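Each residue of the sequence shown is one higher than the one before, starting from 5 at the first, in the numbering used here.
Down below is the structure, laid out as structure tokens.
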Amino acid sequence: MFIKPFEWMIAKRYLRAHREERFISVIAILSVVGIALGVGVLIIVMSVMNGFQATMVNQIIGINGHLLVQGTSEGLHDYENVAKDIAAFDGVVQVRPMIQGQVMVTYRDRSAGAVVRGVNPADYAKHELLTPGKDTGLISGDPADFQGDDAILLGEHLARNLGVRVGDVVTLIAPQTTATPFGSAPRMRDYMVTGLFNIGVYEYNANFIFMPLSQAQIHFKMKQAVSGLDVELTHPDIATQVQYELIPTVPPTSRVLSWRDLNASFVGALEVERNTMFIILTLIIIIAAFNIMSSLIMLVKDKRKDIAVLRTMGARRRSIMKIFVICGGLMGMGGTLAGVILGFSLLQYREAILGFLGDLFNIRFFPPDVYGLEALPSQTDPAEVIFTVVLSLTLSLVATLYPSWRAARMDPVEALRYE
């Protein structure tokens, strides 16, 4: 659709405010501001939610692996050979044997349910779990002490609930029983807390205990078996592909589960929240598009005489329609461009802005001890930005169709009758 120079000229003149058109101009400005806010906030929220999701997934995957080869209730036997076979697959970075079971942990007059995970300390030498840190990682204790028969690591929140510190001795009570001359008795053993960890996920910080794999085999009577194998891959997105490739390799009684299978409710909740926010914020752009429509309708009504004169001078209906489409399109483009600039600017300086607001209102946004986040995460998806821009421009252009059609259908004789 070729645009003639006079159509551009008239459209740009109509967008300039004159004294008698101040009200229409205010509505047009509000339309541009509305679209800018909608586009900017949409980019910010989607980027932050992408970053938050990626951070949480990395934290969960980091301790569990991308795939889990799960044995039967009696465990996975001959796991060393199975691990070697799995390690030969493309995309596999590391295979970690582990044992997991439930216990009751007691300290003095306090007790709590917990999950014990037995791991090889060497497999986690470079992992956050054994990396000393102030707010995350091994926040208390020495990684070198996590070895021997009685060493365990407690989650920070679990230790706080029990009143436990590094060096204290706690008792773990397993659900399995031990035969005694007086009958069956719960299996109990004392362990020394050699460290406290915070890996950024409340579920682990409040419920998990880590101990060396060899001791976990004894504690849960697993002999030479393990509960399963954690498989770390080069990228989370290939988990499903490798999952199906591993099925023929593992024992028939075993199951291969991906990180999405293990955290289906969490991933599903994030997706629902993300989609809901996208719909709600898109409504802002839609409302702003309706403001463009209303401002153009009033502009058409105000320019009835101009439209009639143009029609009598030979302007076609198509030209009249294009003039008002250009007006609405320029408002939409201006708002969209301003929104993109606003969104990326606020994302760039988000930490400074949060710091200023926190100091102003004496509030700490996203404290690390609650969210496990040192900074507000952000991960911008170019495809989502392009989609947001296209959506905004499309809604803006659609909003111009009805007012432009009314202007093009106007009868010049009727418009000039009372002039």
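Idealized CB from N, CA, C, for every residue including glycine.
Here the structure is a predicted model, which means the values were calculated and not measured.
Chain-order list of residues whose beta-carbon lies under 6 Å from that of residue i (same chain, five-residue window excluded)
i	result
Glu388	Met50
Gly95	Leu237, Thr238, Ile242 and Val246
Ala148	none
His81	Ala229
Of the listed residues the options, nearest to residue i (C-alpha basis)
i	options	result
Val73	Gln57, Ile64, Phe56 and Ala91	Ala91
Arg191	Phe201, Ile222, Asn209 and Val205	Ile222
Val260	Thr280, Val170, Asn279 and Glu236	Glu236
Ala178	Ile213, Thr340, Ala243 and Val30	Ile213
Gly204	Leu133, Ser269 and Arg315	Leu133
Ile284	Met414, Gly42 and Ala32	Gly42
Tyr83	Ser231, Leu341 and Val271	Ser231
Gln383	Ala58, Gln98, Ser408 and Trp12	Ala58
Gln63	Glu11, Pro381 and Met13	Pro381
Met53	Glu275, Asp310 and Pro407	Glu275
Thr135	Leu157, Ser115, Asp153 and Ala116	Leu157
Ala220	Ser408, His131 and Ala155	Ala155
Met337	Glu11, Ala32 and Arg413	Ala32
Glu207	Val30, Ile251 and Asn267	Asn267
Met108	Asn279, Arg264, Arg320 and Arg193	Arg193
Contacting residues, own chain, Cβ-Cβ under 7 Å from residue i (five flanking each side not counted)
i	result
Ala403	Ala293, Phe294, Ile296, Met297 and Gly332
Tyr111	Leu166, Gly167, Val168, Asp172 and Val174
Ala40	Gly339, Ala342, Gly343 and Leu346
Ile143	Gly137, Glu160, Leu200, Phe201 and Asn202
Distance, residue j Cα to residue i Cα
i	j	result
Tyr248	Ile65	19 Å
Ser218	Arg368	43 Å
Val61	Thr238	14 Å
Arg17	Gly44	28 Å
Ala129	Ile291	54 Å
Ala312	Ile330	19 Å
Lys227	Thr244	32 Å
Val304	Ser349	36 Å
Arg410	Phe391	30 Å
Met281	Leu287	10 Å
Phe365	Tyr353	18 Å
Lys88	Glu355	45 Å
Gly152	Pro216	7 Å
Phe370	Glu11	52 Å
Ser262	Phe328	54 Å
Gly38	Ile301	18 Å
Pro255	Thr76	10 Å
Leu176	Val197	11 Å
Residue-level contact to chain C via CB, residue i, 8 Å cutoff
i	result
Ser349	Considering every chain present, this structure includes no chain C. It has just one protein chain.
Beta-carbon contacts of residue i that lie in its chain and below 8 Å, excluding the five residues immediately before and after
i	result
Ala210	Gly159, His161, Leu162 and Asn165
Classification of residue i by the beta-carbon crowding that lies within 10 angstroms, buried from 16 upward
i	result
Ile67	buried
Ala118	buried
Asn202	buried
Phe431	The requested residue 431 does not occur in the structure, where the chain is confined to residues 5 to 423.
Asp146	exposed
Ala126	exposed
Asp234	buried
Thr257	exposed
Ile386	First, the amino acid is wrong: residue 386 is Pro here, not Ile. Under this definition Pro386 is an exposed residue.
Arg413	exposed
Pro407	buried
Arg114	exposed
Met379	The sequence given here places Ala at residue 379; Met does not occur at that position. So Ala379 ends up on the exposed side.
Gly272	exposed
For residue j and residue i, believed in contact at Cβ under 8 Å, the rounded distance
i	j	result
Ile289	Leu395	7 Å
Met102	Gly122	6 Å
Ser323	Lys8	7 Å
Ile47	Val246	Ile47 to Val246, Cβ: 33 Å. No contact.
Val86	Gln104	That belief does not hold up - the Cβ atoms of Val86 and Gln104 are roughly 17 Å apart, past 8 Å.
Ser35	Met335	6 Å
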